């Protein structure tokens, strides 16, 4: 294990946003994890909610996958519309809705909206985050076909008139997905004892999981909200606002513009206001084969806050960056598929109780609403 320092340059103005030093591990370290490595990884994740992973060949696969993604986002509108996830599932399931209760509140969701949010193309302007982006999602299940809601999901691959281009696109994406799955499996193996609910039998040697990959194209957004005004830094427009991911963990290839929150706040409104708590990552200081691993909300729920989900956002690189599109590739991993996240009292702070929730329904609730219900659960208990 090494610590990758990401310090400001010597000639950087004193009011420049601080930069985070994340611990770095190789894929080989994870796959042959000794007790010492296991302890180090857990300590790193408990401290920052993120680590850097390096794996030979990661950069080459990423560039190939990036070229494939670029070809899709520059494709004709008809090619993209043919893999519109929400339209596809609406044609299959019509007006079917899902109704359930969480934290005393009734929820209803269109089945097409739920499934289409995790497979296929999401057109520009329809992202729940409000970010000026479009994205393509595809995934894979590990070990077995999922039951229930997850079992209804399948990949929607774009097709070009040139069959060779179609095959090349799919090959690049499948190769990238398999590579990310290997990294995610290594992390799941390390955290297995933390992610297994109490009282359950020992997990199988190869527990089920789901990998969801997302290729995102950020359109130029000069009118985006500004980051940095509170601490008199040069304003940097926000491409994707502050959020935590719903998964157990996220692998991120991109570095430029990614900011992680390292402050003390726990509520989203306070986190968004706390500009001093946001840290830059300098991509130039990372090895070419580096990826960033972020803890997601499912892990925070399952471990009762021992590992907090990493709040992060994406900002433009500077005034010229507002007018420049941006392409990113990330993947999310869910340990288990259709299980229940048991929840429980937060280990770090009184006043927070994580309500139990079916993993498949967490996207319907959303990260902000779920975390608000975690605080509301304690208030209800007190009354």
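Residue numbers (this note's numbering): 35 to 417.
Cβ coordinates follow ideal geometry from the N, Cα and C atoms, glycine included.
Quick caveat: nothing in here was measured; it's all calculated off a predicted structure.
| Query | Result |
| --- | --- |
| Start and end residues, alpha helix (DSSP H) containing residue 193 | That residue, residue 193, is in no alpha helix (DSSP H); it is neither H nor E in DSSP. |
| Rounded Cβ spacing between residue 84 and residue 294 (contact assumed at less than 8 Å) | 6 Å |
| The stretch 270-282 contacting the stretch 330-347, beta-carbon criterion three pairs below 8 Å | yes |
| Cβ neighbour criterion (16 or more within 10 Å) applied to residue 222 | buried |
| Helix, strand or coil at residue 199 according to DSSP, with G and I counted as helix | helix |
| Contacts around residue 252, its chain only, beta-carbon distance under 8 Å, and the 5 residues preceding and following it disregarded | 165, 166, 167, 273, 274, 348, 359, 360, 361 and 362 |
| Local Cβ density within 10 Å of residue 250, reported as buried at 16 or more and exposed below that | buried |
| As assigned by DSSP and simplified to three states, the class of residue 333 | helix |
| Nearest-angstrom Cα separation, counted from residue 149 out to residue 70 | 41 Å |
| Alpha-carbon to alpha-carbon, residue 388 and residue 405 | 8 Å |
| Cα-Cα separation between residue 288 and residue 325, rounded to whole angstroms | 8 Å |
| Contact belief for residue 315 with residue 66 at Cβ below 8 Å, rounded distance in angstroms | Not quite, the Cβ-Cβ distance comes to about 27 Å (not below 8 Å), so this is no contact. |
| First and last residue of the uninterrupted beta strand (DSSP E) at residue 136 | 131-136 |
| Minimum C-alpha distance to residue 123 - residue among 408, 60, 401 and 188 | 188 |
| Per DSSP, cross-strand counterpart(s) of residue 141 | 134 |
| Endpoints, alpha helix (DSSP H) assigned at residue 71 | 69-82 |
| Under the three-state DSSP convention, the category residue 401 falls into | helix |
| Inter-stretch contact (C-beta, 8 Å, three-pair minimum) for the stretch 294-308 and the stretch 188-198 | no |
| C-alpha distance - residue 106 paired with residue 383, whole-angstrom precision | 45 Å |
| With 16 other Cβ atoms within 10 Å as the buried cut-off, status of residue 374 | exposed |
| Sequence-distant residues of its chain with Cβ nearer than 8 Å to residue 397 (five each side left out) | 148, 151, 152 and 280 |
| Contact check, residue 305 vs residue 276, beta carbons under 8 Å | yes |
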